[in-house]
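There are 4 protein chains.
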Amino acid sequence: MIDKKLKGIIPPMITPLLGKDELDVEGLKRLVEHMLAGGVHGLFVLGTTGEAPSLSYHLRYELVERVCKQVAGRVPVLVGVTDTSFTESIRLAEQSKAYGADAVVSAPPYYYAPSQQELIEYYEDMADHMPLPLFLYNMPSHVKVSFEPETVRRIAHHPNVIGLKDSSGNMIYFHTLIQMMKTEHPDFSLLIGPEELTAEAVLAGADGGVNGGANLFPRLYTDLYEAAVRRDMDTVLTLQQQVMFISNTIYKIGRYGSSYLKGLKCACSLMGICSDFMASPYHRFRKEERLKVQQVLEHLNVKIVNP
Amino acid sequence: MIDKKLKGIIPPMITPLLGKDELDVEGLKRLVEHMLAGGVHGLFVLGTTGEAPSLSYHLRYELVERVCKQVAGRVPVLVGVTDTSFTESIRLAEQSKAYGADAVVSAPPYYYAPSQQELIEYYEDMADHMPLPLFLYNMPSHVKVSFEPETVRRIAHHPNVIGLKDSSGNMIYFHTLIQMMKTEHPDFSLLIGPEELTAEAVLAGADGGVNGGANLFPRLYTDLYEAAVRRDMDTVLTLQQQVMFISNTIYKIGRYGSSYLKGLKCACSLMGICSDFMASPYHRFRKEERLKVQQVLEHLNVKIVNP
Amino acid sequence: MIDKKLKGIIPPMITPLLGKDELDVEGLKRLVEHMLAGGVHGLFVLGTTGEAPSLSYHLRYELVERVCKQVAGRVPVLVGVTDTSFTESIRLAEQSKAYGADAVVSAPPYYYAPSQQELIEYYEDMADHMPLPLFLYNMPSHVKVSFEPETVRRIAHHPNVIGLKDSSGNMIYFHTLIQMMKTEHPDFSLLIGPEELTAEAVLAGADGGVNGGANLFPRLYTDLYEAAVRRDMDTVLTLQQQVMFISNTIYKIGRYGSSYLKGLKCACSLMGICSDFMASPYHRFRKEERLKVQQVLEHLNVKIVNP
Amino acid sequence: MIDKKLKGIIPPMITPLLGKDELDVEGLKRLVEHMLAGGVHGLFVLGTTGEAPSLSYHLRYELVERVCKQVAGRVPVLVGVTDTSFTESIRLAEQSKAYGADAVVSAPPYYYAPSQQELIEYYEDMADHMPLPLFLYNMPSHVKVSFEPETVRRIAHHPNVIGLKDSSGNMIYFHTLIQMMKTEHPDFSLLIGPEELTAEAVLAGADGGVNGGANLFPRLYTDLYEAAVRRDMDTVLTLQQQVMFISNTIYKIGRYGSSYLKGLKCACSLMGICSDFMASPYHRFRKEERLKVQQVLEHLNVKIVNP
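Chains as they are written, first to last, in my numbering: chain Y, 59 to 365; chain E, 59 to 365; chain C, 59 to 365; chain S, 59 to 365.
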């Protein structure tokens, strides 16, 4: 369990798969070590980047067990328990605790869109029943509802709620949370989702980033985080430029909203880290898009292991 | 299994609950018999009105088993298998077949929003693997994506896809589907979700309605359906007025989007049919709203069994 | 001025243009006579189909003057005065009255999105100052806000507000208005915008349709209206099929949301009625799309005057 | 006219009004001098904050004339010419040039939502006809469409297009523009709308901010801009805290989306700068909200001139 404020880069881990209901066990091992070698400060499994909602339950459990075992306490492991069923969220959290996970992360139930009042009651109830410290996960594009600042204020009073990851991309909202928490809950951890915003969020007082690109280039994001912490603006801007380059190339190949996830997994495959098989409803990139990702990686002087 | 085109009123059954993870077994029995006595032409369990995404898996399985056993072939039973995980959808369908269900109903995976091309591939794959005939379920407000007409045309070619239920509320879209299917797939069943639109949909050629109000007043909706089939406009307009009255009273008490579901369960409870306990993230109406529902029912000369 | 309830087909007239700031005067004359010959019950100029917001003010004034003069009381002329500036709305209404127009039509100001309370105050103030009877125009897709039923109820109390045209495409909403007005304001005129919904709206009690297709085929829509009024379902369904055919062909050529307007103007041009020049930000169809429209018209046995 | 890249704080001026169609001439004079005394680097009249779309045309012309005359070249004056009518945009630009304005600012036509291709053609045509240098204004919440980065790239090629003001609040988008323009059009001016984002935008390479709060406290925003330019992070964070305080108090009183504008005008009135009369569809704050704004100003040690 987490005994101090969570800080730094905690990548939302992609889930390496060999088939619709089969983990890429060897790829998973390589991926975890690749990120730890890059200095990440934690791992977040079963998030949006991890395709969690698309995985069967037994696969989710297997993944948590394997990652906890491999990490073995080197960094905190956070488990996404977001679910439309309260009961299934709690069940996954309990099993995650048994496997040795350190905290859980929950976005609002995403079929029915709860009101703010319903959100408060939902999370107060959930926090009461959670066997692990709870992170809120603000993800309005996927769950159709946002935690309004007053809602965060209310839920944050619960001693079992330790932080919030914001993937809204709305920096005005995030600044509001920073101002609110700085005085009211200085121990509450505020993490930013989109890696394009990590630098400015940390400069403004955020505790770190849950950045998908850290699956590929963990060192880039830990370096960016540290440069922002020490207010080294020259380094920040140089690294920010690389972050934007990745964002506007690898994540923008392909026509649909799924380009980010497909590009990320494809690049991991090209770099020899793990398979790029994707859970339904997505499919991995075909040859043409894969070649474009390869060209971007070559431009970045990344070694192509699996062309 | 279904051997002819599905027609008529197939209520999306509410799920009677006694607690977060406990069915109201006696209420469920009464509810099923109440609807069958009202002349419904089928039952659809585990839909949006059934709070399916909020229920644990073992509860979903138990519900399907109990309903299939009780109905015992008197009308077709359709099971909602909508899920973000393809594997869990198939698993529920297989078990539903074993319990004796007649068809399955699936809305698109609702966390990631698939593109139309991804929808086509998803449903062609699903139809290949489904052990029961498959109904498409168009529900854009909850799943963030709509089946475009061309997508329906493509998926409808699959012999295992037998119909579509449209809950978009968009009658222009529905007329487009009617025109398309009339010539291309006359055996494809088109059902309308919102009960406020059942009359005009059936008049225009739809095969029936999946109407939540039929949990409460099954006869009203079967009468409306039959009046529309025989083009008895006087009766249609008289019954439509009652349907609109219910829609603008029972479903509009309470402040949030959940008013429809809460009003429906509350009225069932007042009529002595079943419990109004709701799965998270919802809560049943409190005293004040309950009293308002009671007044509406009294205005309709409905006997209050459980005030 | 209008002295009885407005009923029937009132086409939203396209605005024939020869250039960015020049009316197609001869085309306008032919268009007006073409619609009147088709039995339309009124004309609505300067609506969405009329590209009103894209026209300069002096062009709007000239158009109203010419149409009023030509129609000369044969049917009522309604003028769209929708504007983001209250002052400009009133000014156009005053001039329209001077030209002989019968009523004005106003959608909410469309840059800032007013709240419902602000809408009520806005329209009560506007109705006080309008020199002509006022029709509300519900058009949420373009103005970002809808008149909620309670808001309509409030505004409809004003003696100078005589009806509402609903272009939301939301038939549940429209049924709610029908039920509300039937008892509370039986003289309030309810007109439906989308022509695909005219039949069911009139069957349910609406007073008529403001249908763009009546620029092209006025007789089709007046026949449909009359068949619905006398509940001749066989004729209704036959004509509805033609309406849907037009909707899914002529209005769906071209890639953007502007296909409807472009298709409509293009068909008018092919039929020799008027020019298809469009105001910025739109452009008329090019050769390729024009040929497709021509093929649809030929399929409908329409004489191509201007290929 | 502007002969070098526009930089710094260019407040979007509120429009002081005495009535629906009457300028607060004395208030306007005080307001302009108040901002110039606070060191602003330009003035932007007839923007969203200026309620431009709600004003009659003759009032818009009068305002431009008065401001140009008063500023008399001390700083550049930018005029918002956003309109749904191309012709009216050009006409206002021509008159603004005659009055001595330095540049015009245009958001996309906001009734019909143009496609990206239509946007490109619209702005290339507009830039050809504009008598003054043209700023693009990205404002998707109000105009329903955003300039996609590729669209900006295309339009920016035109020599008469000199910059873009982004009010989307989407910092990922803004970083993308910064990276794109830095190499391709280093003379293209990028300004940020929301004042809550000015600091990070300037730190990342933006040229300045179009910040509504500078109507009230011009020095706060010019100080923030300058601190960001010299990368003085301690000062940036201290001033950012004040900016967020204003944002979460003065702009959040009142229930609707109009709170920002109402709060801003109300505070100007309390400070004795100008009237808080608002153009339809808005109304100024009543006593209760006014008192709350007063309390915030007192908390900030601002002298209340007009309680």
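C-beta: ideal position from N, C-alpha, C; glycine also. Fair warning: this is a prediction, and the values are worked out from it, not measured in the lab.
Each residue's CA atom was taken as its position, placing THR142 (chain E) and PHE232 (chain Y) some 29 Å apart. Between GLU208 (chain S) and ASP186 (chain S), the alpha-carbon positions lie close to 20 Å from each other. Legend: CB atoms of the region 117-151 of chain Y lying less than 7 Å from CB atoms of chain E belong to residues THR142, SER143, PHE144, THR145, GLU146. Under a criterion of Cβ atoms nearer than 9 Å, no residue of chain C is adjacent to GLU242 (chain E); the nearest Cβ is some 13 Å distant. Non-local C-beta neighbours of GLU123 (chain Y) in its own chain, meaning closer than 7 Å and more than five positions away in sequence, comprise TYR157, ordered along the chain. Annotation: ALA272 (chain E) to GLU346 (chain E) spans about 25 Å, alpha carbon to alpha carbon. Rounded to whole angstroms, the separation of the alpha carbons of GLN300 (chain S) and GLY66 (chain S) is 19 Å. Within the region 217-269 of chain S, the runs of beta strand (DSSP E) at least 3 residues long that lie entirely inside it are, in chain order, 219-224, 247-250. DSSP places PHE102 (chain E) in the strand class (E or B) of the three-state scheme. CA-to-CA, the gap between GLY85 (chain Y) and VAL133 (chain Y) works out to about 19 Å.
Per DSSP, reduced to three states, the secondary structure at ILE331 (chain Y) is coil, with no helix or strand assignment.
For a Cβ distance threshold of 9 Å, nothing in chain E lies close to HIS357 (chain Y): the least Cβ distance comes to about 28 Å.
Taking the Cα of TYR181 (chain S) as reference, the smallest distance to any Cα among S:SER154, S:HIS243, S:ASP160, S:GLY221 is reached at S:GLY221. Within the same chain, ALA286, ARG289, VAL294 come within 8 Å of LEU261 (chain S) by CB-CB distance, once the 5 residues on both sides are set aside. For VAL163 (chain E), there is no enclosing alpha helix (DSSP H); the enclosing beta strand (DSSP E) has its first and last residue at 161-164. Within 9 Å of the CB of TYR170 (chain C), the CB atoms of chain S belong to THR106, GLU109, PRO111, SER112, HIS200, GLY315, SER316, LEU319, PRO339, TYR340, in sequence order along the chain.
Close to SER173 (chain Y), with beta-carbon spacing below 8 Å, are these residues of chain E in chain order: ARG313, TYR314, GLY315, SER316. For GLU176 (chain C), the nearest beta carbon of chain S is closer than 7 Å to its own beta carbon. Here the alpha carbon of GLU91 (chain C) sits roughly 14 Å from the alpha carbon of ASP82 (chain C). Look at the beta carbons and you see the region 88-104 of chain Y touching the region 265-280 of chain Y: at least three pairs across the two are nearer than 8 Å. Inclusion of PRO74 (chain S) and LEU89 (chain S) in the CB contact set at 7 Å is warranted, their separation being smaller than that value. PRO167 (chain Y) has a beta carbon lying within less than 7 Å of a beta carbon in chain E. With its beta carbon less than 7 Å from one in chain Y, HIS233 (chain S) belongs to the interface. Taking a C-beta distance under 7 Å as the contact criterion, LEU190 (chain E) and VAL162 (chain E) qualify as a contact pair. The three-state secondary structure of GLU80 (chain C), taken from DSSP, is strand. In the DSSP secondary-structure assignment, PRO74 (chain C) is not bridged to any residue. Between the region 315-325 of chain C and the region 336-345 of chain C, the count of Cβ pairs shorter than 8 Å is three or higher; the stretches touch. Taken through DSSP and simplified to helix, strand or coil, ILE304 (chain E) comes out as helix. Using a Cβ-Cβ cut-off of 9 Å, TYR279 (chain E) is close to nothing in chain Y; its nearest Cβ partner there is about 23 Å away.
Going by C-alpha positions, ILE331 (chain E) is about 34 Å away from LEU150 (chain Y). Just so you know, the alpha carbons of GLN237 (chain S) and PHE303 (chain S) end up roughly 30 Å apart. PHE144 (chain C): member of the alpha helix (DSSP H) spanning 144-157, first to last residue. DSSP places LEU358 (chain S) outside any alpha helix (DSSP H), giving it a letter other than H or E. Annotation: VAL129 (chain C) is outside any beta strand (DSSP E); the continuous alpha helix (DSSP H) that includes it extends over 115-129. Around the CB of ASP224 (chain Y), 16 or more other CB atoms lie within 10 Å, so the residue is classed as buried. In terms of Cβ geometry, ILE311 (chain C) and LYS350 (chain C) form a close pair [threshold 7 Å].
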